[in-house]
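Enquirer: If you read the sequences in order, they're chains A and B.
Anchor point for the first sequence: position 289 equals 316 in my numbering, and the numbering is continuous, going up by one each time.
Anchor point for the second sequence: position 182 equals 208 in my numbering, and the numbering is continuous, going up by one each time.
All C-beta atoms, glycine included, are put in the ideal place defined by N, C-alpha and C.
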Amino acid sequence: MAHSYDVLGLFDNEYDDEGFRTCSVTGLRIHHTVENHVKLFGLTAVVALLVGGIFAFTVATTRWEAIGLLGPDAFYTHLSMHAWNLLIFWMVFTEVAILYVGGPMVLGRRLPWTKVATAGWVTMVAGAVAVNYTIWTTSAPNEAPLLTAYVPMPVSPWFYAAASLFIVGTVVAALPFFVTMWHEKRENPGKTLPLVAFGAFVTSIIAVEALVGGLVAFVPAMLWRFEIIEWVDAAWYRQMYWIVGHGTQQINLVAMITVWYFLTHVVAGAEVVSEKVSRTAFILYLFFINLGAAHHLLSDPAVSTGWRIWNTSYAFYGATFASLIHAFAIPAGIEAGRRKRGTGGGLFGWLTSAPWGNPVFSSTIFSIILFGFLGGTTGVMMGQLQLNMTWHNTFATVGHFHATVVLGTTIAFMGLIFFLIRTMFGRQWLSTRLASAQPFLYAGAMGVAVLMMMYVGILYGVPRRTVEVVETIPGTEFSLSAASPLFAIFGVFALLAIAAGVLFVLLAVGSLLFGKRIDGRDGVSDLVADGGLAMAEDPDDPVHAYEMRGTFVLCLVFLAAFVITYLLNWYLLTQLWSIGA
Amino acid sequence: MTGSTDPDTTASPIASLSRVATRAWRDLLSIYYANTPIWRLLKSAGLLFFGFFCWSASNLVLSYGIDWSVLYVLRAYGFVLILWGPLTHAVIVPSVIRLRRTADGGVRRVIARHGSKLNLSIFLTIVLLLTAAPVSPMVLDFQSALSADSGPDVDPELTCTSTDAEIHCHLSESTGIDHVVVTSGTDEIDRVDEPPFEFTIHEDDLQEVVGQTEFVVELRDEDGDTIRRYRKYTSSI
């Protein structure tokens, strides 16, 4: 049954008379209203990834000063295009799709308020196009906004209008998800939500909070730039701005973890070791994760010492604790699940026997490992009052958020897109071999590039957002040329990572347009976990009866890396000055 | 049902420790010799990252004047590991394992039996050599390039005063500046090519930007590149 707006046969799955079909991989009953909207938002996200990826090339080849592609004026415009398309549009369009998967699809319901969902998509697209237009056409006296269009920096008022339009569109698009949850709980008042739906629900709450925060910041700024109101307090703006500025990244984090639970279960046979513990971790996010935004303002003169101390207090570690729980629970679930399936010999046999040739699995695992080791640990360091001083506004900060948003969220979302191509669009990957290699190339190259960003930032103090540092800092005799060797490694691996990103887009779009159509269960049998998902339901074979010592060893390795990095950062800090020397 | 064996509750602590150590050693050996494509990749990539970390961190700590011998070893170890880790697990270990299956005597058999020990010995020898005599690419320089005879930063103070709708500005020093350009909004208001780079502008020539009348003063070098930029608002002069 093709959708009335079917394009290139992308919306043409077979549904029964009630509009449902059963997914042969997940076993979920999927209504066409949900599926079509997931596809719509997923496809739009890939377009945003393409646009942002083009600007990744110009930005990386500028910061690698051996090439030095752009001058200062053009660089900031390109950097803004890169940031908005990747950090916001690619992420948020995918996240709305995740809400629809985690809500109505997992619960086996139709998507309510479909016209509202479509209107949300139209509004978001209009906002995204307008944001791109206003950034690209920036001219004096306005400046390109990047993500931190701090008042009173002059930025086009139409940019604020466009960003607000996008935010409103996202809230509208989220409404059908909330209505789904409302109906579900009304009809099943005593029944708990499945873990993936629960994660999506927590994501949605954090999302709405962040988005409303965005409106609170952007709308007054827009009114000020249209000269409807006379002024906006700059310190107040910065506080409000970071509700959305960092809040959007918390949405990424929670959505990514939801995807981890979903995909590791489906393609690797992972089971949830303890539902209660995992749910508690999600709830900890709800209460504490927004404190993470504070690290942007820890060097801000406008906030008090009390504000800084509270936002870097043990409360902040409530969110860290939640991440550590997930960091144990997910690999433990994979280990126990695979041992239960008889595929877990030795200490790490469960991991090496896993379906590494399946890009859905490898993307998810690389996301978990690289987010944990590179993104999570550095986030905790930057979130600490004292250590923040050595990271603030250096290129290491850029390394940190590339480690979280690219090595973590983007790679997880790439895995999800690979999954959607097979299960929802019903197309084989254009090349299974290239699809298998892509996560390895992307994660490996981006991992080294991110490591170099952190090194040149934290070790040399190379600043962020500038065009030129290695050659000279204008007006000074100070030279950072000693950082050249690491910048060269950064440049080479950044270009390799971009090439792997191009490969992803080619595979995704190529598979949709030219991929062989899948008919029946056989075409997707390689996606299903060994022994099938039904093993997870066996009440006589509880998952916690299986050992998880491989996960324990991995956690010890992680702890050791964390402690060494932490001590090294503190050592660096102590060397900034010598009291009494 | 479970994959583990029940622990022997009657065993002495020493026996338990011995069992744990034996198991850990066997696990370590099994990981070292694991030869599936994914194991090769995971070990190679893991050691590459670990090598980078050891190399850069030890360089950094050494640059702060901490003269611990172990740091020299760690620096050489990390530097060699960047190449030797992937080489070992992507090439040498698989080759040794293949030789063990196929070598029927002679040198091939000796290499098959002692290949890993040979590989580790060469690796450790290179590490020791580079510890004693580090080559320049492995020594990262973290020290500032500033020296006693380097010139000062170009960072003069810009002072402006306003009298009868005229604004007069001057710089506290002129060293390192080729010319000064004054803009307001989209217009260039003035350009000064001679020291001491004083200038006078009229408020009527200035544009209102974001609700405030402002002008921007840029200090530029002989190539026209901006060295310093100051934004001034008439309301605050």
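Answer with buried or exposed for Q413/A, where buried requires no fewer than 16 other C-beta atoms within 10 angstroms of its C-beta.
Expert: By one-based count along the first sequence, residue 413/A stands at place 386. In the assembly as shown, Q413/A is an exposed residue. Its beta-carbon has fewer than 16 other beta-carbons within 10 Å.
Enquirer: For chain B, find out if any of its Cβ atoms is closer than 9 Å to the Cβ of S166/A; answer yes or no.
Expert: For the purposes of this step, residue 166/A is identified with residue 139 of the first sequence, where counting begins at 1. Chain B contact via Cβ: present.
Enquirer: To the nearest angstrom, how far is the alpha carbon of I193/B from that of P222/B?
Expert: Indexing the second sequence from 1 puts residue 193/B at position 167. Indexing the second sequence from 1 puts residue 222/B at position 196. Spanning the two alpha carbons is a distance of roughly 16 Å.
Enquirer: Quick check on the DSSP output: the beta strand (DSSP E) that includes K543/A runs from which residue to which?
Expert: In the first sequence, residue 543/A corresponds to position 516, counting from 1. Looking at the DSSP string, K543/A is not in any beta strand (DSSP E), and its letter there is neither H nor E.
Enquirer: My output table needs one value for C195/B: the three-state DSSP class, helix, strand or coil.
Expert: As a first step, residue 195/B must be located in the second sequence, where it is residue number 169. Residue state, collapsed to three classes: strand.
Enquirer: When you compare each of A297/A, V299/A, W91/A to F422/A by their alpha carbons, which one comes out closest?
Expert: Reading the first sequence from its first residue, position 395 is the one you call residue 422/A. The option with the nearest alpha carbon to F422/A is W91/A.
Enquirer: Cα separation between L461/A and V198/A?
Expert: Translated into positions along the first sequence, residue 461/A becomes position 434. Translated into positions along the first sequence, residue 198/A becomes position 171. The straight-line gap from Cα to Cα measures roughly 37 Å.
Enquirer: So who's on the other strand from K258/B, going by DSSP bridges?
Expert: As a first step, residue 258/B must be located in the second sequence, where it is residue number 232. K258/B is bridged to F241/B.
Enquirer: From M441/A, P179/A, C582/A, pick the residue whose C-alpha is nearest to that of A248/A; which is it?
Expert: Taking the first sequence and counting its residues from 1, the one referred to as residue 248/A is at position 221. If you compare the alpha carbons of M441/A, P179/A, C582/A with that of A248/A, the shortest gap goes to P179/A.
Enquirer: Per DSSP, which residues does P490/A bridge with? Please list them.
Expert: Position 463 of the first sequence, counted from the first residue, corresponds to residue 490/A. BP columns for P490/A point to T421/A.
Enquirer: Would you list the residues sitting across from F225/B in a DSSP beta bridge?
Expert: Position 199 of the second sequence, counted from the first residue, corresponds to residue 225/B. Partner(s): C195/B.
Enquirer: For V551/A, collect the residues of the same chain with a Cβ closer than 8 Å to its Cβ; drop the 5 residues on either side in sequence, then sort them by chain order.
Expert: Position 524 of the first sequence holds residue 551/A. Contacts found: S51, V52, R449, T450, I545.
Enquirer: Of all Cβ atoms in chain A, is any one closer than 9 Å to the Cβ of W51/B?
Expert: Position 25 of the second sequence, counted from the first residue, corresponds to residue 51/B. No - not a single Cβ of chain A is within 9 Å of the one on W51/B.
Enquirer: Check the Cβ-Cβ distances between T503/A and every residue of chain B, and say whether any is below 9 Å.
Expert: As a position in the first sequence, residue 503/A is number 476, starting the count at 1. True, the Cβ-Cβ gap to chain B drops below 9 Å.
Enquirer: What runs of the alpha helix (DSSP H), each 4 residues or longer, lie entirely inside the region 60-104 of chain A?
Expert: none
Enquirer: Would you kindly check if the distance between the Cβ of I352/A and the Cβ of A308/A is under 9 Å?
Expert: Taking the first sequence and counting its residues from 1, the one referred to as residue 308/A is at position 281. Taking the first sequence and counting its residues from 1, the one referred to as residue 352/A is at position 325. The Cβ-Cβ distance between A308/A and I352/A falls below 9 Å.
Enquirer: Does any CB atom of chain A fall closer than 9 Å to the CB of P63/B?
Expert: As a working mapping, residue 63/B is identified with position 37 in the second sequence. Yes, P63/B lies at the interface with chain A (some Cβ there is under 9 Å from its Cβ).
Enquirer: Taking C186/B as the reference, which of V87/B, I227/B, V153/B, S200/B has the closest Cα?
Expert: As a working mapping, residue 186/B is identified with position 160 in the second sequence. With distances taken between Cα atoms, C186/B lies closest to I227/B.
Enquirer: With a cut-off of 9 Å, does the C-beta of S198/B fall near any C-beta of chain A?
Expert: Here residue 198/B corresponds to residue number 172 of the second sequence, with the count starting at 1. No, S198/B does not count as interfacial toward chain A.
Enquirer: By DSSP's criteria, L184/B is part of a beta bridge. Which residues make up the other side?
Expert: Counted from its first residue, the second sequence places residue 184/B at position 158. Its beta-bridge partners are L197/B.
Enquirer: How far does the alpha helix (DSSP H) with F612/A in it reach, from first residue to last?
Expert: In this structure chain A extends from 28 to 608, so residue 612/A is not present and cannot be described.
Enquirer: Shortest alpha-carbon distance to D553/A belongs to which of E45/A, G296/A, P139/A?
Expert: What you label residue 553/A is simply residue 526 of the first sequence in a count that begins at 1. Restricting attention to E45/A, G296/A, P139/A, the CA atom closest to the CA of D553/A is found in G296/A.
Enquirer: Do V407/A and W228/A count as a contact pair if the criterion is CB distance below 9 Å?
Expert: Position 201 of the first sequence holds residue 228/A. Position 380 of the first sequence holds residue 407/A. Note on identity: in this sequence residue 228/A is Phe, with Trp being the wrong assignment. Contact flag unset, no.
Enquirer: Below 8 Å, can you find three or more Cβ-Cβ pairs linking the region 228-238 of chain A to the region 157-167 of chain A?
Expert: no
Enquirer: Going by DSSP, name the residue or residues bridged to S210/B.
Expert: Locating residue 210/B in the second sequence gives position 184, counting from the first residue. Paired residues: D213/B.
Enquirer: Exposed or buried, V235/B, counting other C-beta atoms within 10 Å across all chains shown (16 or more means buried)?
Expert: Residue mapping note: residue 235/B aligns to position 209 of the second sequence, counting from 1. Classification for V235/B: buried.
Enquirer: Quick one: using the 10 Å Cβ neighbour count with 16 as the cut-off for buried, is L192/A buried or exposed?
Expert: Residue numbering aside, residue 192/A sits at position 165 when the first sequence is read from its first letter. Buried.
Enquirer: Taking DSSP's pairing of strands, which residues face T252/B in a bridge?
Expert: Taking the second sequence and counting its residues from 1, one reaches residue 252/B at position 226. T252/B is bridged to R246/B.
Enquirer: Nearest chain B C-beta to F589/A closer than 9 Å, yes or no?
Expert: By one-based count along the first sequence, residue 589/A stands at place 562. Cβ-Cβ to chain B under 9 Å: no for F589/A.
Enquirer: Return the first residue and the last residue of the alpha helix (DSSP H) that T128/B is part of.
Expert: By one-based count along the second sequence, residue 128/B stands at place 102. Start and end: 119-128.
Enquirer: With a threshold of 16 other CB atoms inside 10 Å of the CB of R257/B, please say whether the residue is buried or exposed.
Expert: Numbered from 1 along the second sequence, position 231 holds the residue referred to as residue 257/B. The residue in question, R257/B, is exposed, as its Cβ has fewer than 16 Cβ neighbours within 10 Å.
Enquirer: List in chain order: all unbroken alpha helix (DSSP H) runs of 4+ residues lying wholly within the region 157-236 of chain A.
Expert: 184-214
Enquirer: Compare the C-beta of L232/B with all C-beta atoms of chain A and state if any pair is closer than 9 Å.
Expert: Here residue 232/B corresponds to residue number 206 of the second sequence, with the count starting at 1. No - not a single Cβ of chain A is within 9 Å of the one on L232/B.
Enquirer: Based on Cα-Cα distance, which residue from V570/A, F289/A, T424/A, F514/A lies nearest to M132/A?
Expert: In the first sequence, the residue the question calls residue 132/A occupies position 105. Comparing Cα-Cα distances from M132/A to each of V570/A, F289/A, T424/A, F514/A, the minimum goes to F289/A.
Enquirer: Is the CB of F514/A under 9 Å away from at least one CB in chain B?
Expert: Start at 1 with the first residue of the first sequence, and residue 514/A comes out as number 487. No, its Cβ sits nowhere closer than 9 Å to a Cβ of chain B.
Enquirer: State the start and end residues of the unbroken alpha helix (DSSP H) segment that holds E122/A.
Expert: Taking the first sequence and counting its residues from 1, one reaches residue 122/A at position 95. Here the alpha helix (DSSP H) through E122/A covers 118-127.
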